[in-house]
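Its first residue numbered 3, the sequence shown is counted upward by one per residue in this note's numbering. What follows is one structure encoded as structure tokens, with my remarks underneath.
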Amino acid sequence: MARGTRQLLFRNLFESTSKWRCSTWFLHLLGVLYKVYMGLLAVFCTNAVNILAGVNGLDVGQTLVISSAILIHNMMQIVSSSDADYQQGHAFSIYLTQLLVGASTIANL
């Protein structure tokens, strides 16, 4: 990275008083990276379940752990947000995940 680029980056990220200041491009980058991360996580979880599909009971247990983590994440996001559309999106995810938890629990009996 060129020296001028580093100085520009430093100026964009930090004010002269050294307080953290998020610029719009940095927040946009975090949003893009978060979406890429969540997409990769979804692919990883489904592939991990498919790898263990031949071993008795492990795939259902793994599905329960993953879906429970998704439920906890969605509930935390609903509690921490005041935006109604944002809450409805996470509530819809909870509705779908509850079906997955129920079906996985019945299949594990």
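Virtual Cβ for every residue (Gly too), placed ideally from N, Cα, C.
Identify, in the order they occur along the chain, each residue of the same chain with its Cβ nearer than 8 Å to the Cβ of residue i, setting aside the five sequence neighbours on each side.
| i | result |
| --- | --- |
| Thr65 | Val51, Leu102 and Ser106 |
| Phe46 | none |
Throw me the rounded Cβ distance for the residue i and residue j pair, which I believe falls under 8 Å.
| i | j | result |
| --- | --- | --- |
| Thr99 | Ile72 | 5 Å |
| Asn76 | Ser95 | 5 Å |
Taking 6 Å as the limit between beta carbons, can you name the residues of its chain near residue i, skipping five residues before and five after?
| i | result |
| --- | --- |
| Ser18 | Model confidence at Ser18 stands at a pLDDT of 46, short of 50, so the residue's coordinates are unreliable; what they give is reported in the following sentence. Answer for Ser18: no residue qualifies. |
Cutting at 7 Å between CB atoms, please list the residues of its own chain near residue i, excluding the five before and the five after it.
| i | result |
| --- | --- |
| Gly112 | The chain is shown from 3 up to 111; residue 112 falls before or after that span and cannot be answered. |
| Tyr88 | none |
Which residue from the options puts its Cα closest to that of residue i?
| i | options | result |
| --- | --- | --- |
| Met78 | Gly104, Ser69 and His92 | His92 |
| Ile74 | Ile108, Tyr97, Leu42 and Val38 | Tyr97 |
| Gly104 | Val67, Asn49, Lys37 and Leu42 | Val67 |
| Ile108 | Asp85, Gln90, Gly63 and Ala86 | Gly63 |
**Q.** Complete runs of the beta strand (DSSP E) confined to the stretch 34-102 [at least 3 residues]
**A.** none
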